[in-house]
Structure formats: C-alpha cells, structure tokens
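A.B. asks: Dropping the structure in here first, questions after.
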Amino acid sequence: MHLTIPEQVQHLSQIIDISDVKCLDNLRMARNAFGRLCQLLKTAGGLRATRHVTVIEQVAIFLSVIAHHKKNWYWHGYRTISKHFHSVLKAVLRLMSLLARPLPVGDECQDSRWQWFKGCLGALDGAHVEVRVPDSDKGRYRNRKGQVSVNVLGVCNIEGKFIYALSGWEESAADGRVLRDAVHRPAGIKVPTGSYYLCDNGYGNVEGFLTPYCGVRYHLRGAGGPQSPRELFNLRHASARNVIERTFGLLKTCWGILRSLSYYPIRVQNEIIIACCLLHNFVRMEMPDGPLELEVPECR
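Going by this note's numbering, the first residue of the sequence shown is number 11, and it counts up by one from there.
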C-alpha cells in the first residue's frame with residue numbers, strides 16, 4: 011500500500027497522537043515518553059531522518075514491530091521497513107547508559123523484601139526466549155520442553171530495572187557456565203567487594219552470588235510457613251529474588267516479538283532481546299506506574 015504524504019502523516023497521527031491509550035497500545039509507551047525516546051535516539055543513538063522517513067516514523071515502525079511482531083502496519087515496502095528497523099535497532103543498542111547502576115541495599119532500606127539483604131545489588135536469573143536457527147544448530151538450542159531457544163541471563167536491581175543482560179548462549183548451556191562467561195567479559199557483571207546478587211542454586215554459591223540453602227524448602231507461601239531459620243532465610247530469599255522473575259514477565263508481556271519466532275538471523279535475534287531490555291528500563295524510568303505493571307502480579 012502506497013500512501014501520499016498527507017495520508018502518511020494522518021496514519022502516523024492515528025497511531026501516536028490520538029491519545030496516550032492508543033499510543034500505549036501501539037508502541038508500549040505514552041506520547042511524551044515516545045517523544046523523549048525519539049530525541050534520545052537522535053542525540054545519543056545517532057539516529058537520523060532520511061529523505062522520505064522521519065525519525066519519529068522510524069521509531070514508530072521499530073516499536074510497533076517489536077511490540078506486536080507485525081510488519082504490515084505501515085505503508086512502506088518490506089525493504090524500507092527492514093532498513094529502518096535495523097537503523098533504530100543499532101541506535102537503541104547504543105543506549106547502554108539506560109542500564110541501571112547497581113546500588114547496594116543500605117541500612118535505611120524499609121522494603122520488607124530487601125531489608126534482610128544489606129549490600130545486595132539485586133537478583134539474576136535466566137529466561138528462555140524461542141529463536142529460529144538453522145536445522146544443524148537446533149540440537150544445541152533445544153530445551154527440555156523441546157523448544158528451540160536461547161538462555162538469556164538477566165540481572166536487575168531491586169526496582170526491576172536491568173543492570174546487565176546477556177543473550178546468545180544456547181539452551182543446552184548450564185546456568186553456571188553462562189554466569190562465568192558474563193563475569194569474565196570486559197563489560198560483564200561486576201561485583202564490588204562486600205556486595206552480592208541473589209540467584210538460584212543453578213548458578214552456584216560463589217563469592218558475589220548468594221543462593222538459598224540446598225535441601226531446604228524454598229517456595230513456602232501456602233505451605234504452612236517456615237519451620238526453621240534456614241526455611242525462613244529461603245522464604246526471604248525467594249521473596250526478594252522474585253523481582254527478576256517479575257521483570258522478565260513484564261519484558262515478555264510488553265514486547266510481543268519475544269513471544270513468537272522471527273526470521274531474523276540469530277545475531278539479530280539476540281540484539282533484539284538486548285534492545286527490549288534497554289527499552290524496558292526506559293519505560294520504567296519514564297512511566298514507573300505504567301499499566302503493564304498491573305498485568306504481572308507481584309509475589310511477596
């Protein structure tokens with residue numbers, strides 16, 4: 011479908027300008043947040059308008075694709091959409107400043123989930139995102155449910171913002187191996203002396219990473235409550251570490267491309283996952299009480 015310039019402007023206006031509700035539904039953020047993202051992608055991401063497509067339109071195309079995994083919302087051809095999708099993707103990946111700074115839990119913390127974990131920087135866990143790979147690689151990427159997926163390591167702070175994300179390891183890789191890779195990368199996970207992250211037993215109880223007690227009940231809600239100090243510790247550990255599970259839940263709820271297979275090369279699929287993590291942080295900063303918060307229940 012080819013539209014005239016006035017028709018293009020009208021169509022774009024229907025997607026963005028009618029109301030915040032419409033903009034949220036289409037692009038996963040309110041109009042003011044969308045405008046600030048466009049400005050940030052220009053100044054920090056290096057995104058530039060082309061002769062026929064403005065920055066606003068490029069960003070709208072990109073967000074609609076990753077929010078709904080559809081490419082037929084716009085009047086441009088596939089090649090044009092693909093070109094601008096990749097341009098915006100590269101610009102988003104330059105916004106690493108959106109990653110949250112790891113700040114340890116202090117003595118003044120009043121949060122009932124975190125006040126027991128002084129010095130803690132947040133929590134980490136792995137999530138599975140289905141991907142499309144060549145037939146020759148499917149065995150390495152196949153998980154226990156038979157799905158072909160990557161193991162995405164996510165690290166978030168107590169506010170549910172990503173501090174670090176690593177995508178690319180095949181599903182067959184052990185969690186501990188993925189974590190070791192993340193720690194030893196030049197721009198990987200850093201744990202200052204005296205600080206630590208909460209994680210499950212799959213990552214190992216090593217310096218800087220605190221796991222629950224092995225062989226002791228962990229998820230105790232509705233199970234009669236803790237019967238020993240170790241069970242109490244595990245209950246508190248589970249309550250606090252839930253932040254990363256909820257963060258991944260919000261991420262997949264918001265960005266539909268993470269819930270369905272795409273035909274991009276695996277390298278691009280991994281870049282899209284990281285871009286979604288960065289945009290998650292942007293939305294959390296701009297709209298801390300956004301409507302998607304209500305769709306993912308919080309366990310305490």
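Positions of the beta carbon are idealized from the N, C-alpha and C atoms, including for glycine.
Do you know how far the Cα of K262 is from the Cα of R269?
C.D. replies: Each residue's Cα considered, the two are about 6 Å apart.
A.B. asks: Per DSSP, G136 is paired with what?
C.D. replies: Beta-bridge pairing links G136 to L163.
A.B. asks: So what's F127 in DSSP terms, helix, strand or just coil?
C.D. replies: Reduced to three states, the DSSP call for F127 is coil.
A.B. asks: Quick one: which unbroken alpha helix (DSSP H) runs of 4-plus residues sit fully inside the segment 32-105? Chain order, please.
C.D. replies: Within the segment 32-105, the complete alpha helix (DSSP H) runs of at least 4 residues are 41-53, 65-78, 88-103.
A.B. asks: Just list the residues that DSSP pairs E180 with in beta bridges.
C.D. replies: For E180, which the question treats as bridged, DSSP gives the partners V160.
A.B. asks: If we count the other Cβ atoms within 10 Å of its Cβ and call it buried at 16 or more, is L34 buried or exposed?
C.D. replies: Label assigned to L34: buried.
A.B. asks: Report yes or no: do three or more beta-carbon pairs, one from the segment 95-109 and one from the segment 128-142, lie closer than 8 Å?
C.D. replies: The segment 95-109, when compared against the segment 128-142, does not touch it at the 8 Å Cβ threshold.
A.B. asks: Considering Y206, what are the terminal residues of the beta strand (DSSP E) in which it resides?
C.D. replies: Residues 206-208.
A.B. asks: Does the pairing of the segment 177-191 with the segment 289-298 give three or more beta-carbon distances under 8 Å?
C.D. replies: No, the segment 177-191 does not touch the segment 289-298.
A.B. asks: Alpha carbon to alpha carbon, how far is A110 from N291? Give it in angstroms, no decimals.
C.D. replies: The straight-line gap from Cα to Cα measures roughly 8 Å.
A.B. asks: Does the beta-carbon distance from V165 to Y207 come in below 8 Å?
C.D. replies: The answer is yes: Cβ separation under 8 Å.
A.B. asks: How many Å lie between G156 and K148 at the Cα?
C.D. replies: The straight-line gap from Cα to Cα measures roughly 10 Å.
A.B. asks: Take every Cβ of the segment 173-186, pair it with every Cβ of the segment 276-285, and state whether three or more of those distances are shorter than 8 Å.
C.D. replies: The segment 173-186 vs the segment 276-285: in contact.
A.B. asks: Answer with buried or exposed for Y88, where buried requires no fewer than 16 other C-beta atoms within 10 angstroms of its C-beta.
C.D. replies: Counting Cβ neighbours within 10 Å, Y88 comes out exposed, since fewer than 16 surround it.
A.B. asks: Who are the near neighbours of I254 in its chain, counting only those whose CB is closer than 7 Å to its CB and skipping five residues on each side?
C.D. replies: Excluding residues within five positions, the ones whose Cβ falls inside 7 Å are A133, L134, D135, G164, C166.
A.B. asks: Over what stretch of residues does the alpha helix (DSSP H) that includes M295 continue unbroken?
C.D. replies: Start and end: 276-296.
A.B. asks: From what residue to what residue does the alpha helix (DSSP H) around Y151 run?
C.D. replies: Its alpha helix (DSSP H) spans residues 148-151.
A.B. asks: How many whole angstroms separate the CB atoms of P239 and L245, which I take to be in contact at a CB cut-off of 8 Å?
C.D. replies: About 11 Å separates the two Cβ atoms, so there is no contact after all.
A.B. asks: Short of 6 Å in beta carbon distance, which residues of its chain neighbour D30, apart from the five on each side in sequence? Order them along the chain.
C.D. replies: The residues are A40, R41.
A.B. asks: What did DSSP end up calling A197 once you bin it into helix, strand or coil?
C.D. replies: Three-state result, A197: coil.
A.B. asks: Could you check how far apart the C-beta atoms of G45 and R104 are, in whole angstroms? I think they sit under 8 Å.
C.D. replies: That pair is no contact at about 19 Å.
A.B. asks: Suppose you measure from the CA of T53 to the CA of S205; what does that come to, to the nearest Å?
C.D. replies: Their backbone Cα atoms lie some 34 Å apart in a straight line.
A.B. asks: Please go through the same chain and pick out, in chain order, the residues whose beta-carbon is closer than 7 Å to the beta-carbon of E140, but skip the five residues on each side of it.
C.D. replies: Only Q157, V158, S159, L271 meet the Cβ criterion.
A.B. asks: Looking at I267 and I311, is the spacing between their C-beta atoms short of 8 Å?
C.D. replies: As shown, the chain starts at 11 and ends at 310. That puts residue 311 outside it, with no answer to give.
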